[in-house]
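So the protein sequences, as listed, match chains A and B.
When we follow the UniProt record's numbering, the leftmost residue of the first sequence carries the number 1, and every step to the right adds one.
When we follow the UniProt record's numbering, the leftmost residue of the second sequence carries the number 1, and every step to the right adds one.
Backbone N, C-alpha and C define an ideal beta-carbon position, used for all residues, glycine too.
Just so you know, these numbers come straight off a predicted model, no measurement behind them.
Heads up: the structure comes next, in C-alpha cells.
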Amino acid sequence: MYEVPLITADNFVTYMLNGVSRGMIIFLVASGLTLIFGLIGLINFAHGAMLALGGYGTYVVLQTMDNFWLGLGISVVLVTLLGYVLERKVLYWLYDEPLLGFLGTFGIGLVIEEALAVQFGSRSYTIQSPIPQSTELLGVTYPSYRLFVILVGAVVAAGVGLLLTRTRLGLEIHATANRQPTAEILGVNTTRIYTVTFVLGTALAALAGALTAPITSIYPTIGLDYITMAFLVIIVGGMGSFKGSFVVSMIVGQTIAFGWLVLEPTYVRILVFVAAMVFILYKPRGFFGKPEVHE
Amino acid sequence: MSDLLTVEDLNAFYGSSQILFDVSIDVGDNEVIGIFGRNGMGKTTLLDSLVNRIDRKTGRVTYRGEDISEWSTHEIIREQIAYVPEDREIYPALTVRENLELATPSGVSDDVREERIQNVFSQFERLGEREKQRGGTLSGGEQQMLAIGRGLVSDPDLLLLDEPTEGLAPAIIDDVVEILESLVTGDRTVLIVEQNIKRMLPLIDRGYIIQTGEIVEEGDSEYLSDEEIHERYLTV
C-alpha cells in the first residue's frame with residue numbers, strides 16, 4: 001500500500017514557497033514566449049536557447065569577474081542584443097511563413113545548444129547562490145535568494161502587466177496583435193512593435209536563465225526542459241494571454257513542488273502534462289483564451 | 001488651387017489580379033472630392049493604394065509635392081492623413097476612449113490629446129456617453145462615428161473616407177451624412193469613396209466615376225448629377 005506522507009505546517013510553507021519560486025521562473029520563460037506568440041504568431045523554439053545563454057553568460061562573467069549581479073546584467077543585455085539581431089536579420093523575414101518560422105527558430109535553438117555543448121561540454125555547472133543567507137518567513141527559515149527570485153517574478157509580472165494595459169506601447173501592441181493592417185492606418189509602426197516585443201520576450205528568457213542558474217544548475221539543454229513546461233503553460237493559460245501564463249505558471253509550480261512529496265520528479269512531470277491534456281480537451285482556448293484576437 | 005494629392009498612372013494588383021488601370025486623379029487643398037462607382041469597381045483599392053495597403057502597385061502618388069509611392073502605411077498616415085476604412089475596423093476589446101487614444105499621434109502632448117478626444121466627444125455626443133464601453137458593443141452607427149472620430153483625432157489635413165454609409169440603416173445614414181456635412185464645411189480636404197452618389201453630391205466639389213478599375217468620368221457635382229451618368233455607371 002502506498003503511503004502519502006503527512007506534512008507539517010512548516011513543510012507546507014516551504015513547499016509552497018518552492019512552488020512559487022519555481023512558478024516564477026516558468027512564468028518568466030512562458031510570458032516571453034506568449035508575448036511573442038500573441039503578437040507575431042511565431043512559435044519561438046529558440047526561446048529555450050536564450051534561457052540557456054542567459055545562464056551560461058552569467059556563469060562566464062561570474063568566473064572572470066567574480067560578481068553574479070554583473071554577470072546577470074551583462075548576460076541579459078548581450079542575449080537581448082542577440083535577440084534584436086536575430087529578429088531584424090532572420091525572423092522578421094519569416095513572419096508571413098509560420099512553418100519556416102517554426103523550423104527557423106528550431107534550427108537556431110539547436111545551433112545554440114550544440115555550440116554550448118561544444119564550448120562547455122555536456123556536464124552541468126553549479127553557481128553558488130549570490131545571497132547565501134536565509135530569511136524567517138511565515139514561521140520557516142527560507143533561502144533569501146529564492147525569495148529574491150519570487151520578488152523579481154512579481155515585479156516583472158506587475159511591470160509587464162502595467163506596460164500592456166496602461167501605456168501607449170501596450171495599446172499599440174494590442175492593436176498590432178489583433179489587426180496589424182488597422183494599426184498601420186492609425187499610424188502605428190508595427191515593424192517596431194514586432195521588434196520591441198520580440199526583444200522584450202528574449203530579455204525575459206535570458207533573465208529566467210540567469211536567475212535559475214544558482215537554484216538548479218546549467219547544462220546545454222536546460223532551455224529544452226523549461227520550454228516544454230512553458231509551452232504547456234501558454235497553451236493551458238490561453239495562447240497569447242499574459243494573465244493566463246502567470247496563473248498557470250503558479251499552478252504548475254505548486255503541483256511540481258507538492259507532487260514531489262508523493263511521486264518521483266519524472267512522474268510529477270507526466271502528471272502535469274496529462275492533466276494539461278485533459279484540461280485542453282474540455283477548454284481548448286485555455287483559461288484566458290483571447291477570442292478577440294481571432295475576430 | 002494647389003494640389004495636395006496627385007495620383008498618376010496608378011495600377012494596383014492583388015496577387016496576380018490587376019484591379020486599377022492607369023488611374024490618375026488630383027485633390028486640391030480644402031477640396032471635397034468624391035469617387036463613385038458600383039461594387040467591385042476598385043474604389044476601395046484606390047484608397048488602399050494611396051496608403052500602400054495593397055500587394056503591389058505601379059505609378060506615382062504625390063502628397064504636398066513629395067513622392068510617397070514607396071512609403072509604408074504608417075509613414076503616410078503620420079503626414080496628417082487619416083483613413084476611415086469601409087468596415088470601420090474598430091478594435092472590439094478596446095474602449096471607445098482607447099480606440100481614440102490609439103489614433104492620436106504619439107508625438108502630441110497629453111493636453112492636446114485630451115483636447116482632441118473631447119472635441120470628438122462634443123461632436124459625437126453618443127461616443128462621449130459610451131467613453132468606457134468596449135468598441136465591440138457599439139451599434140453599427142456608433143461604430144461608424146467612432147471610426148470617423150478616430151480619423152479626426154489625428155487632426156488630419158486629408159481625410160480619406162471609404163463608404164461611410166455602407167451597411168447602415170436609413171435613419172443612421174441621415175445621421176452620418178449630417179456628420180459629413182459638418183466635416184466638409186471646415187478647411188479640410190476630404191476624399192470620399194461612395195456608391196450612394198445622390199447623398200454625396202451636395203457635399204462634394206468635384207468627383208470621379210470609376211468603372212472596372214478605370215476612371216471613366218470626372219467633373220463637378222453639377223456635371224455628375226446627370227441621370228444618364230448614374231444610369232450608365234452607377235445603377236445596379
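Return the CA-CA distance between Arg134(B) and Arg146(A), expressed in angstroms with no decimal places.
41 Å
Looking at the structure shown, is Pro143(A) part of a helix, part of a strand, or coil, going by DSSP?
strand
Going along the chain, which residues of the region 72-83 of chain B sit with their C-beta nearer than 7 Å to a C-beta in chain A?
Thr73, His74, Ile77, Arg78, Tyr83
Compare the Cα-Cα distances from Leu4(B) to each of Asp175(B), Glu181(B), Ile68(B) and report the closest residue.
Ile68(B)
Can you list, in chain order, the residues of its chain whose CB lies under 8 Å from that of Ala9(A), leaving out five sequence neighbours each side?
Gly139
Quick one: what does DSSP say Ser221(B) is sitting in, helix, strand or coil?
helix
DSSP puts Asn189(A) in a beta bridge; with which residues?
According to DSSP, which records beta bridges pairwise, Asn189(A) is partnered with nothing at all.
So Asn178(A) contacts chain B; which residues on that side make the cut at Cβ distance below 8 Å?
Tyr91, Ala93
List the endpoints of the continuous alpha helix (DSSP H) containing Asp111(B).
110-123
Can you pull the chain A neighbours of Leu50(B), defined as C-beta to C-beta under 8 Å?
Simply none; closest approach about 11 Å.
Along chain A, which residues have their Cβ under 7 Å away from the Cβ of Glu98(B)?
Leu171
Would the C-beta of Ala213(A) count as close to the ligand PLP, meaning under 6 Å from any of its heavy atoms?
For the ligand PLP, the structure offers nothing, since it holds no ligand at all.
Using 8 Å as the Cβ pair cut-off and three pairs as the minimum, do the region 169-180 of chain B and the region 140-153 of chain B touch?
yes
DSSP state of Val153(B), grouped into three classes?
coil
Assign Val278(A) to one of two classes, buried (16 or more other C-beta atoms within 10 Å of its C-beta) or exposed (fewer than that).
exposed
So what's Ala208(A) in DSSP terms, helix, strand or just coil?
helix
Could you tell me the alpha carbon to alpha carbon distance between Ile209(B) and His74(B), rounded to whole angstroms?
28 Å
To the nearest whole angstrom, what separates the beta carbons of Gly259(A) and Leu271(A), a pair I think is in contact under 8 Å?
6 Å
Under a Cβ-count criterion, where at least 16 other Cβ atoms within 10 Å of its own Cβ denotes burial, should Tyr56(A) be classed as buried or exposed?
buried
Could you give the C-beta distance for Leu47(B) and Val193(B), rounded to a whole number, given that I count them as a contact under 8 Å?
6 Å
Cα-Cα, which of Glu114(B), Glu70(B), Ile33(B) is closest to Pro202(B)?
Ile33(B)
Residues that Val196(A) contacts on chain B, provided the C-beta gap is smaller than 9 Å:
By Cβ distance, chain B contributes nothing, its closest Cβ being about 13 Å from Val196(A), past 9 Å.
Since Pro181(A) meets chain B, which of its residues come closer than 7 Å, beta carbon to beta carbon?
Arg53
Measure from the C-beta of Leu161(B) to each C-beta in chain A and report whether the shortest distance is under 7 Å.
no
Within 7 Å of any Cβ in chain A, is that where the Cβ of Tyr14(B) sits?
no
For Met229(A), count neighbouring C-beta atoms within 10 Å of its own C-beta (all shown protein chains included) and say buried if the count is 16 or more, exposed if not.
buried
Within 10 angstroms of the Cβ of Met24(A), are there 16 or more other Cβ atoms? Answer buried if so, exposed if not.
buried
What does Asp162(B) pair with, by DSSP beta-bridge criteria?
Val193(B)
Three-state secondary structure assigned by DSSP to Ile131(A):
coil
Give me whichever residues DSSP pairs with Ser17(B) in a beta bridge.
Tyr14(B)
Give me, in chain order, the residues of the same chain whose beta-carbon lies closer than 6 Å to that of Phe13(B); leave out the 5 immediate sequence neighbours on both sides.
Asp55, Arg56
So that I know if they touch, is there some Cβ in chain A lying closer than 7 Å to that of Leu102(B)?
yes
Please confirm whether Glu184(A) has its beta-carbon closer than 7 Å to some beta-carbon of chain E.
Looking for chain E here will not work: the only protein chains present are A and B.
Establish whether the CB of Asn189(A) and some CB of chain B are separated by less than 7 Å.
yes
Does the beta carbon of Pro105(B) come closer than 7 Å to any beta carbon on chain A?
yes
Looking at chain B, which residues of the region 150-172 of chain A have a Cβ within less than 8 Å of any of its Cβ atoms?
Arg168, Leu171, Glu172
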